[in-house]
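S.K.: So the protein lines, in turn, are chains A and B.
Note that the working numbering has the first sequence beginning at 881, numbered continuously upward.
Note that the working numbering has the second sequence beginning at 7, numbered continuously upward.
Starting off with a structure, shown below.
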Amino acid sequence: AQKVTQAQTEISVVEKEDVTLDCVYETRDTTYYLFWYKQPPSGELVFLIRRNSFDEQNEISGRYSWNFQKSTSSFNFTITASQVVDSAVYFCALSGLRAGTASKLTFGTGTRLQVTL
Amino acid sequence: EAGVAQSPRYKIIEKRQSVAFWCNPISGHATLYWYQQILGQGPKLLIQFQNNGVVDDSQLPKDRFSAERLKGVDSTLKIQPAKLEDSAVYLCASSLERRTVSNSPLHFGNGTRLTVT
């Protein structure tokens with residue numbers, strides 16, 4: 881069975897602070913994909929990144945960076961110099977490649993990020 | 007490119023009543039998904055269509071939920087009769103292909119927030 885754990889229910893930071901959102905996953909698959917989605921108050925889930933289990937290189941995109949560590953089954957997300965517009969719920973998700981798992985995204989429970997002035 | 011369109015945005019019904027949600031995926035997207043997101047939880051897959059055929063409905067409560075995708079474009083999700091525990095946001099998503107989720111990220115609509123009283 882697949883499972884994604886986001887232990888941080890809610891995080892509050894002041895603008896310009898850096899913040900890291902944690903994600904720990906469980907899967908029996910040897911190959912799999914990991915995702916981060918952002919859900920602003922409008923409700924739409926916005927795709928941020930996907931990473932396959934072969935590639936453990938960290939990735940940076942502007943103020944966003946992701947740290948994938950297969951040894952600890954973690955895929956953490958860092959926002960540098962946070963802004964008020966970053967306020968949203970962030971979901972980590974996992975999918976497999978085997979038949980019956982490739983089409984299913986298993987989501988964590990989400991971390992609500994509140995950025996204030 | 008127009009996004010995934012869903013309607014209505016909000017719906018309030020009494021238990022045992024019926025309700026239907028509509029989704030128009032991104033043009034050209036063969037795969038369509040319905041997710042249920044209960045407050046405080048991550049989205050959970052209900053059903054997946056590839057064109058007008060059902061690929062996975064293993065988590066759809068078939069005694070009360072039904073979905074169709076006539077002509078392989080628009081889709082409707084129906085609940086009959088509704089229960090209190092059906093209160094949730096129903097998200098529609100679409101993607102270009104099915105083989106692996108990561109080859110074609112899911113694009114989500116804004117969702118329909120259902121309240122059952």
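Yeah, the Cβ is synthetic: ideal placement off N, Cα and C, and Gly gets one too.
Since this is a predicted model, take the numbers as computed values, not measurements.
Where does D62/B sit, in a helix, a strand or coil, going by DSSP?
M.R.: strand
S.K.: Apart from the five residues just before and just after A973/A, which ones in its own chain have a Cβ nearer than 8 angstroms to its Cβ?
M.R.: V884, L914, F915, W916, Y917, L985, T986, F987, G988
S.K.: Taking 8 angstroms as the CB-CB cut-off, is Q42/B touching chain A?
M.R.: no
S.K.: Which residue or residues does DSSP assign as beta-bridge partners of G976/A?
M.R.: G976/A is bridged to Y912/A.
S.K.: Give the C-beta separation of E895/A and S962/A to the nearest angstrom, bearing in mind that I take them to be a contact with Cβ-Cβ under 8 angstroms.
M.R.: 6 angstroms
S.K.: Output the residue ranges of the beta strand (DSSP E) runs that lie fully inside the region 917-949 of chain A and measure 3 residues or longer, sorted by chain position.
M.R.: 926-932, 939-941, 944-949, all fully within the region 917-949 of chain A.
S.K.: Going by other Cβ atoms of all chains shown within 10 Å of its Cβ, with 16 needed for buried, is Y16/B buried or exposed?
M.R.: Its Cβ having fewer than 16 others within 10 Å, Y16/B is exposed.
S.K.: Just curious, the beta strand (DSSP E) that T885/A is in, first and last residue?
M.R.: 883-885
S.K.: Measure the Cβ-Cβ separation of D966/A and V995/A and say whether it is below 8 angstroms.
M.R.: yes
S.K.: Reducing DSSP to helix, strand and coil, say where T37/B ends up.
M.R.: strand
S.K.: Any heavy atom of the ligand ADP closer than 7 angstroms to the Cβ of N58/B?
M.R.: No copy of the ligand ADP occurs in the structure displayed, which carries no ligand at all.
S.K.: So, is V964/A buried or exposed, given that buried needs 16 or more other C-beta atoms within 10 angstroms?
M.R.: Under this definition V964/A is an exposed residue.
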